Amino acid sequence: MSPLPFRQVHLDFHTSPFIPDVAQDFEPEEFAQTLLEARVNSINIFARCHHGYCYYPTKVGKMHPSLKRDLLGEMIEALHRKGIRCPIYTSVVWDELSASEHPDWRQIDAQGKLIGRAPLESKGWQFLCLNSPYMDYLEEHVKELMELYGKEIDGLWFDIIIQHPDGCFCPHCQKSMRDKGLRVDVKEDRLQHNLLVERKAMQRLSQLVKSKLPEALVVFNCRVRLDRRVEKGIKEELSYMTHLEIESLPSGIWGYLHFPMYARYFAPFDKEIVGMNGRFHLMWGDFGGLKNQAALEYECNRMIALGAKCSVGDQLHPRGKLDRITYEKISKVYREIEKKEPFCEGARLKAEIGVLVNSVTEGTALGFSQFFGLEADEGATRMLMELHEQFHLIDEESDFNRYRVIIAPDGVPFSASLEEKLSHFLERGGALLLTHRSGLSPESGNFAIPGLGLEYLGELEFDVDYFRPDIEKVEGLDPEYDYALYGKGSRVVAREGEVLAYLVHPYFNRSWEKFCSHRQTPPDCKSSDPFWVRKGRVIYISHPLFTLYRKYAYLPYKLIIKHSLRALLPDPQLIVENAPSSCEVTLLEQEKEGRDVIHLLFYVPERRGKIDIIEDVVPLQNVVLKYRAVEKPKSIYLAPGGEELGFQWEGNYVVFTVPEFKGHQMVVVER
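Per our numbering: the sequence shown = residues 6 to 676.
This is how it looks when you write it as structure tokens:
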């Protein structure tokens, strides 16, 4: 299968049956030429939408009532003439027409109510059950597409593959659960059944497509999630998909932290990645809402900086004419991406640090799930990005040999297999950073790895504690100041190793009966409870610093982690100087070309109103990069321009300066 194109568009077309003039202005040649001039080389086009109507002559479903032509077929023909790929989109769980005609196909909640949009509601969609006869209809729909368009189909893009996170109580699901020996009244069993149903649907559709079109792309949307329980996460579903797509509109429900977190989790997988944002100011279907040019640039450049291809979400007007201004904006970005592609093709995100996923997910994605522990993963992602560290998010099945340090943030339990794997990792010279309850055995309630010299005594009684870094000198922290910890931590005993800082407890916990001033009670005296402990290549911190950083962004937490990482990883692959924490720095390897590519990104989102906005792009000057090398590089230059950078040796590091860049800059190190 050939590599995925870098410059894609995902074209929505969820069009009400009350729209009277669908595709009236559609001109196939103009449509394809607009995309070609915008440098788009792949676009997801629509066979059937959330309203449930088809956009081609169908005998299985119903064509949109005002459509008078084979819109899908005309698009395919025109796009292929221009050399533009066009995978076909179809909606799955959201299909208003099928839900209205077949209420017996719908998902039902524990109160017996139909899940999704209620009769008098104007927002949301009705949910169809993947365990109902609806799947037979969906299969016939896909068969019809393959019969009509055959090898002209570049791929199938299946949207909304989700059962409700509390489980479905429809008659089909209740019977299926009983047949499988699962208990309908137990949520854990319902969630297990959800996964079985969702995965069976994906397997069924994937096999159907591959049986007829073995080279076609297959994508299932809404499967992106983090879960430390590997069997519950996306890894078990990779065989159904040709590649991974991360739907992530920062101004929608996702935010600017979502994409880099998932891209760093997917990076070690043997799958290509596509990032998807949107041209909308707000969210899908935001007609008349256009994203600022700077934001579109940032989001697409960020995708390639994390080893992904680009996809910009758009929605076609019902009359079928692409919006000129939208594609002028996309063209400006994609013309630059096109120049950068030679330095991105086949590039893989490098990392020296692996962050064990803390999250546990109830249900699947797209805002319908409940995540437990996600703030620790988000806090670790944000903090390490700000520290310019090179890292992946990993799980128990990941290859630990590729990392020099592993971080277990805040609440990662150590099963017997994880304990054994990490013990071997430490024996081979690796280093480990633990915070709060990470590292505890679910069976014993104490630290799983023998020899840490730590004993766990339980949760501290104080809602807010303090730490005083009076033993270890930490850059940016005063050794005599008591820094607040805005959340409960753990009480441990350090039998071995060195205590780098102790906790300072408050006089008392704040309550209705005893309180002092406006917030937490002030610190009393230094206690004998360790806050920060080191034994060899293991560092333990008693409080959930990553979760607390995600909530409060208190700089001392980041400084403690930075100091800990430099103790465990004194010679990182890349050191960044004279760059603000908001400058994002990633290191990718193009193995075939024998080079590393450093990406610098400096676009600063600002909260305005209810969303983060990027409007202004400010240049950065004289960013110093120190790249650890065994031998002298053949050359170091800026890409795509090719300007050579002078460099010098400093110990084991090649040192060079990027004189100035605006927004995004790539630096190529030819080994």
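Note that beta-carbon positions come from the ideal geometry of N, C-alpha and C, so glycine has one too.
Computed from a predicted structure; not experimentally measured.
Identified DSSP bridge partners for H397: Along the sequence shown, read from residue 1 onward, the residue named residue 397 stands at position 392. Per DSSP, the beta-bridge partners of H397 are G359.
L423 to A352, Cα distance in whole Å? The residue given as residue 423 occupies position 418 in the sequence shown. The residue given as residue 352 occupies position 347 in the sequence shown. Approximately 30 Å, taken between the alpha carbons.
Just mark F380 as buried or exposed, buried being the case when its beta carbon has 16 or more other beta carbons within 10 Å. What you label residue 380 is simply residue 375 of the sequence shown in a count that begins at 1. The question names Phe, but residue 380 in the sequence shown is Glu. A residue is called buried once 16 or more other Cβ atoms fall within 10 Å of its Cβ, and E380 is buried on that count.
Just to check my reading of the structure: L295 and T331 have Cβ atoms closer than 8 Å, yes? What is that Cβ distance to the nearest angstrom? Against the sequence shown, residue 295 aligns to sequence position 290. Against the sequence shown, residue 331 aligns to sequence position 326. The C-beta distance from L295 to T331 rounds to 7 Å, short enough to fall under 8 Å.
What distance in whole Å lies between the Cβ atoms of L133 and A115, which are believed to be in contact at a cut-off of 8 Å? For the purposes of this step, residue 115 is taken as the residue at position 110 of the sequence shown. For the purposes of this step, residue 133 is taken as the residue at position 128 of the sequence shown. Going by Cβ atoms, the distance from A115 to L133 rounds to 18 Å, so no, they are not a contact pair.
Mind pulling the alpha helix (DSSP H) runs of 4 or more residues that sit fully within the region 141-227? Correct list: 176-184 and 192-217.
Ordered list of beta strand (DSSP E) runs contained in the region 453-506, each at least 3 residues: For the region 453-506, whole beta strand (DSSP E) runs of length 3 or above, ordered along the chain, are 459-464, 470-473, 488-490 and 495-499.
Alpha-carbon to alpha-carbon, E464 and D3: With the chain covering 6 to 676 only, the question about residue 3 has no answer from this structure.
Cross-strand partners of C315 (DSSP beta bridge): In the sequence shown, residue 315 corresponds to position 310, counting from 1. C315 is bridged to R12 and G280.
With distances taken between CB atoms, is the gap from E220 to P577 smaller than 8 Å? Numbered from its first residue, the sequence shown carries residue 220 at position 215. Numbered from its first residue, the sequence shown carries residue 577 at position 572. Contact flag unset, no.
For F661, the residue or residues it bridges with in DSSP: As a working note, residue 661 is residue 656 in the sequence shown. Bridge partners of F661: L630 and F652.
Given a threshold of 16 other Cβ atoms within 10 Å of its Cβ, counted over all protein chains shown, does R329 qualify as buried or as exposed? Position 324 of the sequence shown, counted from the first residue, corresponds to residue 329. With fewer than 16 neighbouring CB atoms inside 10 Å of its own CB, R329 falls in the exposed class.
If you reduce the DSSP assignment to three classes, tell me which class V672 lands in. On the sequence shown, position 667 is the one that residue 672 refers to. When DSSP states are grouped into helix, strand and coil, V672 belongs to the strand group.
Given L439, which residues of its chain have a CB within under 6 Å of its CB, disregarding the five upstream and five downstream residues? Along the sequence shown, read from residue 1 onward, the residue named residue 439 stands at position 434. Here the set comprises A413 and Y545.
With distances taken Cα to Cα, identify the nearest neighbour of L593 among G312, L625, L508 and F652. Here the question's residue 593 lines up with position 588 in the sequence shown. Ranking G312, L625, L508 and F652 by Cα distance to L593 puts G312 first.
Do you know whose CA, among R676, S640 and V609, lies nearest G668's CA? Within the sequence shown, the letter at position 663 stands for residue 668. Comparing alpha carbon positions, the residue from R676, S640 and V609 closest to G668 is V609.
At 4 residues or longer, and completely inside the region 545-578: list those alpha helix (DSSP H) runs for me, N to C. The qualifying runs are 550-557 and 560-573.
From V223, G450 and P585, pick the residue whose C-alpha is nearest to that of M390; which is it? One-based indexing of the sequence shown puts residue 390 at position 385. The option with the nearest alpha carbon to M390 is P585.
From T95, F536, P455 and E383, pick the residue whose C-alpha is nearest to that of F51; which is it? Working through the sequence shown from its first residue, we reach residue 51 at position 46. Nearest option by C-alpha distance: T95.
From I258 to K276, what distance separates their C-alpha atoms? If you number the sequence shown from 1, residue 258 lands on position 253. If you number the sequence shown from 1, residue 276 lands on position 271. Taking the CA atoms as reference points, I258 sits about 25 Å from K276.
Quick one: what does DSSP say P528 is sitting in, helix, strand or coil? For the purposes of this step, residue 528 is taken as residue 523 along the sequence shown, with counting starting at 1. The answer is strand: DSSP assigns P528 an E or B state.
Would the beta-carbon of V672 fall within 8 Å of that of L606? As a first step, residue 672 must be located in the sequence shown, where it is residue number 667. As a first step, residue 606 must be located in the sequence shown, where it is residue number 601. V672 places its beta carbon 8 Å or farther from that of L606.
Below 8 Å between beta carbons: does that hold for I616 and S256? Your numbering for residue 616 matches position 611 in the sequence shown. Your numbering for residue 256 matches position 251 in the sequence shown. Contact flag set, yes.
Neighbourhood of H169 by C-beta, 6 Å cutoff - its chain only, sequence neighbours within 5 removed: Here residue 169 is taken as the residue at index 164 of the sequence shown, counted from 1. Around H169: Q112 and I120.
Proximity to I342 [Cα-Cα], best of K192, R44 and P484: In the sequence shown, counting from the first residue as 1, residue 342 sits at position 337. The shortest C-alpha separation from I342 is found at R44.
So, using beta-carbon positions, are A299 and D621 closer together than 8 Å? In the sequence shown, the residue the question calls residue 299 occupies position 294. In the sequence shown, the residue the question calls residue 621 occupies position 616. In contact: A299 and D621 (Cβ atoms closer than 8 Å).
Cα separation between I24 and H69? Start at 1 with the first residue of the sequence shown, and residue 24 comes out as number 19. Start at 1 with the first residue of the sequence shown, and residue 69 comes out as number 64. The C-alpha of I24 lies about 9 Å from the C-alpha of H69.
Consider the Cβ of A352: report whether some Cβ of chain B lies at a distance smaller than 8 Å. Reference to chain B is not applicable here, since this structure consists of a single protein chain.
Within 10 angstroms of its Cβ, does L125 collect 16 or more other Cβ (buried), or is it exposed? Counting from 1 along the sequence shown, the entry for residue 125 is found at position 120. Per the 10 Å Cβ criterion, exposed.
Let me know if S137 comes out buried or exposed under the rule of 16 or more other beta-carbons within 10 Å of its beta-carbon. As a position in the sequence shown, residue 137 is number 132, starting the count at 1. The residue in question, S137, is buried, as its Cβ has 16 or more Cβ neighbours within 10 Å.
Could you give the C-beta distance for C59 and K67, rounded to a whole number, given that I count them as a contact under 8 Å? Mapped onto the sequence shown, residue 59 falls at position 54. Mapped onto the sequence shown, residue 67 falls at position 62. The C-beta distance from C59 to K67 rounds to 7 Å, short enough to fall under 8 Å.
Classify D415: buried if its beta carbon has 16 or more other beta carbons within 10 angstroms, exposed otherwise. Residue 415 sits at position 410 when you count from the first residue of the sequence shown. The residue in question, D415, is buried, as its Cβ has 16 or more Cβ neighbours within 10 Å.
Could you tell me the distance, in whole angstroms, from the CA atom of R74 to the CA atom of P62? In the sequence shown, residue 74 corresponds to position 69, counting from 1. In the sequence shown, residue 62 corresponds to position 57, counting from 1. Take the alpha-carbon of R74 and the one of P62: they are about 8 Å apart.
Cβ-based burial, P8 [other Cβ within 10 Å; buried from 16]: Residue 8 sits at position 3 when you count from the first residue of the sequence shown. The residue is exposed, with fewer than 16 neighbouring Cβ atoms inside 10 Å.
Beta-carbon contacts of R409 that lie in its chain and below 6 Å, excluding the five residues immediately before and after: On the sequence shown, residue 409 is found 404 positions in, with the first residue counted as 1. The residues are E357 and L574.
Does the count of Cβ pairs from the region 142-160 and the region 209-228 closer than 8 Å reach three? Short answer: they touch.
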